[in-house]
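Residue numbers (our numbering), protein chains in the order written: chain A, 3 to 156; chain B, 3 to 156.
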DNA sequence: GGGTTAACTATGGGATAACATGGGAAAGCA
DNA sequence: TGCTTTCCCATGTTATCCCATAGTTAACCC
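Following this line, the structure appears as C-alpha cells:
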C-alpha cells in the first residue's frame, strides 16, 4: 500500500529518488521499478507497480473489445505509461514530457493513494491540498459507514 | 480493539512507546506497526492498524475510480497517513510535523477509541476531556439503543 | 502465604545502517 | 563524434537497530 506524502529533489539530470516506502511496496512485484503516466485529470503524474498495471489490464479485459472507454484506457494507460526502473540507489529519471505535463522543476511531491500514487509539483500540490482537505472535511459522512470487510460479502 | 488511556514519554529522538495493549491489538495484521495521521478535527493525531486502513480502502473503492470525491479522500487519508513500524521494544518515532500538529513535547496520551485510537498532548487532552464529559452527560440518551453490529447492514 | 524468580514494560544512549543526493565515468544512440 | 542516459562511488544527515537499566506485574514454589 502506498501511504504518506514525501517531497524529493529533482537533480540536473532529471533524476528523483522514489521514497523508500514506495520502493518497498513494489519490491517483489517482478519489475524493479515503477510505471508512470500523465494523468488526464490534471497537471500531475500517476503511477504504481507492476501489480497495479496487471489490475488495470484485468479490469479492461472485462470491457467490450470495441467499447470506446476500453480503447481510451488502453491508449492512455498502457500507451502513455512508461516503465521507469530504479538505479542502484532507488532513483528514476523522469522523461521531459512528464516533467512538462506536471510542471515539475526542482522538486517532486509523491502522494500515496493506497493502490497507486501521484507525483505533483510542490506549488500545484499545495493549492490542490487546500481543496482536498475542505472537501474531505465537508463530505466525511460519505465514508462514515464502515464498509463490509473483505470476505463478508456472502 | 483499542481501549483505555495511557500516557507515555517522548524522548529526545521523538520516540514513544506504543502501549502494549495497542501493540497486541495490531499484531497479526500484517504490518508490524501503526498508521498515524493528523486529525482534521483538531490538534491531535489519529491512528490504527493495517486493518483500519484496509477498511478505509474498501469504503473508498465503493466509489467510482475517478469520482472527485474518491481522489480527494485518497489524497487526504493515504497521503496524510504515515506507516510507523515498531522497533524491537515497541516504540515508534513520530515525525516532526506530527509532533507540531498535536503540540506534542514530552509526553503523549494514547486514547483507545475502539477501531482506532487518538494521540494527544496531556494539556490539550485534559481540556478536551472536560468538554467530552459534559457533552456525554447531556447526550447520554443517544447511547441507549445498541447499534447494529458489523455485517448486519443488509 | 510469603518470598523469590522470571517475564514484560517503558526508557536511555551509543553504534550502525539506510536514505537522499551530488558528481564522474562508462555505455548507448544518433 | 557529440549528446544523452545509465552505472558506480562518495558524502552528510537521519533514522533504526541493538544493547543496557529499572520499575512493575505475573508466576512460581517451597
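We treat Cβ as the ideally placed atom computed from N, Cα and C, and that holds for glycine. Treat the numbers as computed from the prediction; the structure is a model and nothing was measured.
Query: Work out the CA separation of residue 23 (chain A) and residue 153 (chain A) for me, nearest whole Å.; Result: Note that residue 153 (chain A) scores 46 on pLDDT, short of 50, meaning its location in the model is unreliable; the coordinates nonetheless yield the value given after this. In a straight line, the C-alpha of residue 153 (chain A) is about 28 Å away from that of residue 23 (chain A).
Query: Taking C-alpha atoms, which residue in B:107, B:140, B:34 and B:116 lies nearest to residue 5 (chain B)?; Result: B:116
Query: Can you tell me which of B:98, B:99 and B:94 puts its alpha carbon nearest to the alpha carbon of residue 112 (chain B)?; Result: B:94
Query: Interface residues of chain B around residue 135 (chain A) at Cβ under 7 Å?; Result: 42 and 78
Query: Helix, strand or coil: which one does DSSP assign to residue 142 (chain B)?; Result: helix
Query: Which chain B residues are close to residue 36 (chain A), counting only those with a beta carbon under 7 Å from its beta carbon?; Result: By Cβ distance, chain B contributes nothing, its closest Cβ being about 16 Å from residue 36 (chain A), past 7 Å.
Query: Starting from residue 36 (chain B), trace the beta strand (DSSP E) both ways and give me its first and last residue.; Result: 35 to 40
Query: Could you name the residues of chain A that residue 84 (chain B) contacts, counting a contact when the two beta carbons are closer than 8 Å?; Result: 5 and 6
Query: What residues from the stretch 106 to 123 of chain A come within 7 Å of chain B, judged by C-beta to C-beta, listed N to C?; Result: 113, 114, 115 and 116
Query: Buried or exposed for residue 27 (chain A), please, with buried defined as at least 16 other CB atoms from any protein chain shown within 10 angstroms of its CB.; Result: buried
Query: Please list the partners that residue 23 (chain A) has in chain B, where partner means a Cβ-to-Cβ separation under 7 Å.; Result: 85
Query: Tell me, which residues are paired with residue 10 (chain A) by DSSP?; Result: A:110
Query: Express the C-alpha separation of residue 88 (chain B) and residue 38 (chain B) in angstroms, rounding to a whole number.; Result: 13 Å
Query: Going by beta carbon distance, what residues of the same chain come within less than 6 Å of residue 11 (chain A), once the five residues before and after it are set aside?; Result: 109
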